[in-house]
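Scroll down for the structure; my scribbles are underneath it.
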Amino acid sequence: MSSDPRQRRAARHAQPAGDSARSTPRKKPITVDRITDAALQVVATEGYDALTIRRVAAVLDTGPSSLYAHILNKDDIDDLLVGRLYSEVVLPEPDPATWRKQILGVYTQIRDQYLKYPGVSRAALGTVPTNLHTLRVREGLFAILLAGGIEPRTAAWALDALSLYVSAYALEQSLVQQRRKHPDHEWVLSREELLRRFTALPADTFPQTRRYAAELTSGTGHDRFEFTLGLIMDNLSRP
Numbered sequence: 170m171s172s173d174p175r176q177r178r179a180a181r182h183a184q185p186a187g188d189s190a191r192s193t194p195r196k197k198p199i200t201v202d203r204i205t206d207a208a209l210q211v212v213a214t215e216g217y218d219a220l221t222i223r224r225v226a227a228v229l230d231t232g233p234s235s236l237y238a239h240i241l242n243k244d245d246i247d248d249l250l251v252g253r254l255y256s257e258v259v260l261p262e263p264d265p266a267t268w269r270k271q272i273l274g275v276y277t278q279i280r281d282q283y284l285k286y287p288g289v290s291r292a293a294l295g296t297v298p299t300n301l302h303t304l305r306v307r308e309g310l311f312a313i314l315l316a317g318g319i320e321p322r323t324a325a326w327a328l329d330a331l332s333l334y335v336s337a338y339a340l341e342q343s344l345v346q347q348r349r350k351h352p353d354h355e356w357v358l359s360r361e362e363l364l365r366r367f368t369a370l371p372a373d374t375f376p377q378t379r380r381y382a383a384e385l386t387s388g389t390g391h392d393r394f395e396f397t398l399g400l401i402m403d404n405l406s407r408p
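In terms of the working numbering, the sequence shown opens at residue 170 and continues consecutively.
So, in structure tokens, the structure goes:
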């Protein structure tokens, strides 16, 4: 061994050429599940507006071209996102006696999944679902409506209306929460402030708004969500 300390130190830290390949960790392969995980991470931390193929690729420490071996486009990622969220939804066995309660229960699960990821319900708007998890839930909802005695075409159209409302509701809730985090969020008014403004309106121009200000601003939590779903379902059963 060399008596030169510098040479001994260099030899101690030198990496044998034959070991370089073994010491370099191999990247995990890109898969559909990893793409979906990364997309959800982007939405959870940055919001749905930040979701792009390039951003997902960056989270995976790869280039966009690597993703195109598994997906077609951004719409494909949207389909995967909704499918992943729907995979968490538990479906009941259709029961004619409790079909309204069952519909509300399933859509409440969907709403809560959407609300975990700011704005992700936009991915479900304006698209025809093809993911098997999404189709599983739609099949289950359709079966519940049919079990409730709803005529097939009415049930199909009601399913679209209910799903559209739930997506829009979740999107609105996400937008409000997002804007409340902004330093300049004075436009997001509390119920008390809305009540004060409504009752201060000119009586000759806004008589009903002044009179029923409490009713117009009423409801806590998800009261209006349950009211709207109930309103739709109650009308489905009419002859």
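No residue lacks a Cβ here, since even glycine has one placed at the ideal position from N, Cα and C.
Query                                                                                                                                                              : Result
Could you tell me the distance, in whole angstroms, from the CA atom of L331 to the CA atom of G390?                                                               : 19 angstroms
From I319, L209 and R322, pick the residue whose C-alpha is nearest to that of L284; which is it?                                                                  : L209
Since Q282 contacts L328 with CB under 8 angstroms, what's their CB separation in whole angstroms?                                                                 : Contact doesn't hold; Cβ gap of about 17 angstroms is too wide.
Does the Cβ-Cβ distance between A316 and D264 come in under 9 angstroms?                                                                                           : yes
Measuring alpha carbon to alpha carbon, tell me which residue in D248, I199 and G252 is nearest L229.                                                              : I199
Taking contact to mean at least 3 C-beta pairs separated by less than 8 angstroms, is the region 264-278 in contact with the region 286-301?                       : no
Curious, which full-length alpha helix (DSSP H) runs of at least 4 residues does the region 299-371 contain?                                                       : 301-316, 321-349 and 360-368
The alpha helix (DSSP H) with L254 in it runs from where to where?                                                                                                 : K243 to Y255
What three-state label does DSSP hand P233 in the structure shown?                                                                                                 : helix
Report all residues from its chain with a CB closer than 6 angstroms to the CB of W268; omit the five preceding and five following residues, and keep chain order. : I313, A316 and G317
Using CA atoms only, rank isn't needed, just tell me which of Y217, R203, R379 and T214 is closest to L236.                                                        : R203
Do L241 and L294 have their beta-carbon atoms positioned less than 9 angstroms apart in this structure?                                                            : no
Thinking C-alpha only, which one of L398, V297, A213 and R360 is nearest E384?                                                                                     : R360
Can you tell me whether F396 is buried or exposed, with buried defined as 16 or more other CB within 10 angstroms of its CB?                                       : exposed
Using the three-state DSSP reduction, which class does T205 fall into: helix, strand or coil?                                                                      : helix
DSSP state of L294, grouped into three classes?                                                                                                                    : coil
Where does D374 fall in DSSP's three states?                                                                                                                       : Note that residue 374 is Thr in the sequence shown, not Asp. Looking at T374 - three-state DSSP - the assignment turns out to be coil, as it is neither helix nor strand.
When the distance is taken between beta carbons, is D373 closer than 9 angstroms to T296?                                                                          : no
Going by C-alpha distance, which of A266, V212 and V259 is nearest R307?                                                                                           : V259
Taking the alpha-carbon positions, what's the E362 to A207 distance?                                                                                               : 40 angstroms
Less than 9 angstroms between the beta carbons of T323 and G252, yes or no?                                                                                        : no
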